[in-house]
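Heads up: the sequence shown begins at 1 in my numbering, then just goes up one per residue. We treat Cβ as the ideally placed atom computed from N, Cα and C, and that holds for glycine.
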Amino acid sequence: MDSLYPVIQLIHVIAASMWVGSHLVLATGPMVRALRLRDSRPILEFYRAIAWPATIGLLIAALTGLYMASLRAPPSEWFSFGEPSGRIGEKIVTFIVLLVISGYAHARIVPGMRQNNPSVFWRAVLFVVVATLLSLALPLLGVMIRYGF
1 MDSLYPVIQL IHVIAASMWV GSHLVLATGP MVRALRLRDS RPILEFYRAI
51 AWPATIGLLI AALTGLYMAS LRAPPSEWFS FGEPSGRIGE KIVTFIVLLV
101 ISGYAHARIV PGMRQNNPSV FWRAVLFVVV ATLLSLALPL LGVMIRYGF
């Protein structure tokens, strides 16, 4: 392995924590308040405050993750599902699904929340739940990659 690996891994974990942590806080704080009020404003307020730092964390985590993956296995093995190196492909697929639903939320759900559209409320709640679960799957897959599960 590359001698920079531990440093890159530390940067990766910190950056990923920015994304995953923001979703955990969103799911356990503002979303609970939004459910109590039946109003998406708490979700929108939190989104406005954390969107850019969390997104930057996600992008840094993606770049450092690809670098670490390239050191662990050649790209030709990343999608060998059923093999330990195939976990890299599983993580990439999970990441892509997360990007797609996040893009949908940014394009469709957030504008509806900004207009205080009540029909967007349940879609916002569903997005928070799904994005949080996918976000939690990423470090789980990372641990599985790291320890060869």
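- In the structure shown, the three-state DSSP call for proline 111 is helix.
- Glycine 142 and leucine 10 have their alpha carbons spaced roughly 13 Å apart.
- Ranked by how close their Cα comes to the Cα of leucine 98, the residues Ser135, Ala51, Ala54 and Arg48 have Ser135 in first place.
- At the C-beta level, methionine 31 and proline 53 stay beyond 8 Å of one another.
- Membership of glutamate 77 in any alpha helix (DSSP H) is not indicated, and neither H nor E is assigned to it by DSSP.
- Its Cα nearest to that of valine 93, the residue Leu66 stands out among Asn117, Leu66 and Pro74.
- Annotation: the continuous alpha helix (DSSP H) that includes valine 125 extends over 121 to 147.
- Rounded to the nearest whole angstrom, the CA to CA distance from proline 6 to leucine 26 is 30 Å.
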